[in-house]
Amino acid sequence: MTEEPRQRRNRDAWDKADIVLKPVGGLLTAVAVAVLGLWTSSYLRDRERRDAALRERMQTSDTNARLYSELTSRREESESALRKDMFTSIINSFLREGPATAEQKLLNLELLVYNFHESLNLKPLFLHIQREVRGTPRQSEYLSRLHQVAEQVIHKQMLVIGDGGETFDATVDTKKLAFPDPDAEASAPYVARDLVVDGIRRNVKLEIVSADTASEELQLRMTIRTAEAGRVETSATEFWLGHFDFPMIDNTRLPHDQRLAVVLNNFDAKRGVADVTVALFPGKYAALREKPYYDEILAKLLAANRNVPPEATPAPTRRPN
Amino acid sequence: MKLDCAGVAASGTTDEFGSYRVKTAAAGDCRLTLEYRKATPSLKVTLYEKPTRYDLVVKDDAGKVTIARK
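Residue numbers (this note's numbering), protein chains in the order written: chain R, 275 to 595; chain S, 169 to 238.
What follows is the structure in structure tokens.
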């Protein structure tokens with residue numbers, strides 16, 4: 275009888291808390307497990323939904339891209355076929371022996387030039403027509419038309435080239451074979467300028483070797499110096515420049531996929547002066563007929579992957595065209 | 169802009185982008201003069217039968233204004 279109440283008296287606050295909290299703790303654990311389970315399953319469901327939406331979006335985008343590329347390639351194919359037919363029929367009119375008049379030939383040349391000036395070097399055809407129309411009754415009209423077509427094409431090409439490249443102009447004394455100084459009576463034997471394209475600085479030196487006043491052509495020597503990796507690369511080239519040299523087609527190929535072209539703007543045989551423009555530009559503005567060099571493509575890709583400028587990668591050693 | 173070709177004069181003005189066009193019937197050696205901030209720098213130019221393009225750069229070196237072909 276006296277033992278039991280003593281035991282009851284001995285239970286303190288901690289014992290009571292233990293009795294109360296044990297089932298509450300169990301309950302809380304069960305609630306926590308349930309909440310965690312719910313949260314996890316909701317998170318997984320959300321993720322699955324997001325993944326499914328992303329997969330669907332990617333699939334739609336893939337389908338759209340495939341459709342677009344198919345449409346583009348089909349359009350390219352039909353355009354190429356049309357251009358091929360057009361080209362064949364026009365070029366055949368020149369090659370076929372027949373009674374084509376100078377007017378018809380000039381018209382065909384105009385068609386060819388306006389449609390294919392970025393793909394073909396049509397200088398031989400220009401010279402051929404020029405020879406043919408000389409001596410005809412309408413010689414001056416035809417020659418002026420011929421020069422007008424060439425000028426328009428050169429203007430169009432220079433507009434594109436000037437956008438991505440750098441140019442400079444120079445006046446040439448065709449009698450002294452020198453460059454007159456605009457502020458003095460003296461003239462210099464050459465002009466040299468620094469041109470920078472895609473972060474690559476090149477020094478371009480232009481000299482006049484000779485001049486043909488009858489055909490209105492200049493023989494030029496061009497020296498290009500490029501400082502890279504602690505040394506100076508020098509290339510030199512010599513060529514004749516006339517009214518039918520188109521910069522996108524007729525240019526000098528340089529390392530790092532760049533081109534250098536010279537354009538004859540004006541030639542005054544009587545006064546012995548001519549006006550030229552030198553243009554340095556990236557290869558992407560050059561004619562479509564040119565194949566890219568694979569080592570240059572690889573160097574560009576490597577530079578892009580390493581996130582370094584193209585001039586940091588060594589250029590393949592190659593002489594200009 | 170003033171163009172003087174052996175006594176035959178022609179003039180024009182530049183637009184807000186600096187473009188200009190001067191017409192003359194003369195050809196050969198001429199002098200192109202620019203009026204710019206009270207200065208009148210000039211340059212010898214050659215005119216042909218066909219239109220000629222002169223892209224010019226104006227330089228101001230410590231108050232001395234000059235023009236040169238680009």
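Yeah, the Cβ is synthetic: ideal placement off N, Cα and C, and Gly gets one too.
Residue i at chain R interface by Cβ criterion, 8 Å
i        : result
S:LYS212 : yes
S:LYS191 : no
S:ASP228 : no
S:LYS238 : yes
S:TYR216 : yes
S:THR182 : no
S:ASP223 : yes
S:GLY175 : no
S:GLY186 : no
S:GLY231 : no
Any chain S beta carbon closer than 8 Å to residue i
i        : result
R:PRO456 : yes
R:LEU576 : no
R:THR445 : yes
R:ASN595 : Because R:ASN595 carries a pLDDT of 40, less than 50, the predicted location of this residue cannot be relied on, and no value is offered for it.
R:ARG324 : no
R:ASP549 : yes
R:ARG580 : no
R:ARG475 : no
R:ARG329 : no
R:ARG545 : yes
R:ARG592 : Per-residue confidence for R:ARG592 stands at a pLDDT of 44, beneath the threshold of 50, marking its modelled position as unreliable; the derived number appears in the next sentence. False, the Cβ-Cβ gap to chain S never drops below 8 Å.
Beta carbon of residue i nearer than 8 Å to that of residue j
i        : j        : result
R:ALA548 : R:LEU492 : yes
R:VAL427 : R:VAL483 : no
R:ASN539 : S:ARG221 : yes
R:VAL478 : R:ALA444 : no
R:PHE513 : R:ALA424 : no
R:GLY546 : R:ASP457 : no
S:CYS173 : S:THR192 : yes
R:ALA485 : R:ARG495 : no
R:GLU490 : R:ALA543 : yes
R:LEU380 : R:ILE403 : yes
S:ASP207 : S:VAL225 : As written in the sequence, residue 207 of chain S is Ala, which differs from the Asp given in the question. Not in contact: S:ALA207 and S:VAL225 (Cβ atoms no closer than 8 Å).
S:VAL176 : S:ALA194 : yes
R:LEU399 : R:LEU383 : yes
R:THR410 : R:ALA376 : yes
S:GLY196 : S:LEU215 : yes
Same chain, Cβ closer than 6 Å to residue i, five either side skipped, listed in chain order
i        : result
R:GLY439 : VAL471, ALA553, LEU554 and PHE555
Neighbour-count burial assignment, residue i, 16 or more Cβ in a 10 Å radius
i        : result
R:GLU481 : buried
R:TYR342 : exposed
R:LEU422 : According to the sequence as given, residue 422 of chain R is Gln; it is not Leu. Exposed, since its Cβ has fewer than 16 Cβ neighbours within 10 Å.
R:ASP336 : exposed
R:ILE293 : exposed
S:ASP229 : exposed
R:SER418 : exposed
R:ASP525 : Here residue 525 of chain R is Asn; the residue named in the question, Asp, does not match the sequence. Buried, since its Cβ has 16 or more Cβ neighbours within 10 Å.
R:VAL407 : buried
R:GLN413 : exposed
R:VAL536 : buried
R:VAL309 : exposed
R:ASP531 : buried
R:ARG476 : buried
R:GLY300 : exposed
Beta-carbon neighbours of residue i, restricted to chain C and to distances below 9 Å
i        : result
S:THR220 : Judged by its chain identifiers, the structure shown contains no chain C, and its protein chains are R and S.
Sequence-distant residues of the same chain with beta carbon closer than 8 Å to residue i, five excluded per side
i        : result
S:SER179 : MET169, LYS170, LEU171 and VAL190
S:ASP223 : ARG237 and LYS238
R:MET432 : THR441, PRO521, VAL537, THR551 and ALA553
R:LEU420 : LEU380, LEU383, PHE400, ILE403, GLN404 and VAL407
S:GLU217 : ALA195
Close Cβ partners of residue i (< 7 Å) along its chain, the five nearest in sequence each way excluded
i        : result
R:PHE541 : GLU490 and ALA548
R:SER461 : ASP447, LYS450, ALA452, PHE453, PRO454 and ASP455
R:LEU396 : LEU386 and VAL387
R:PHE361 : PHE390
R:GLY516 : SER489, GLU490, GLU491 and LEU538
Could you please tell me which residues of the segment 524 to 542 of chain R, in chain order, have their CB closer than 9 Å to any CB of chain S? ASN539, ASN540, PHE541 and ASP542
Just by C-beta distance, which residues in the segment 416 to 447 of chain R are closer than 7 Å to chain S? Result list: PHE442, ASP443 and THR445.
Taking a Cβ distance cut-off of 7 Å, strictly less, list which residues of the segment 385 to 409 of chain R are near chain S, in chain order. none
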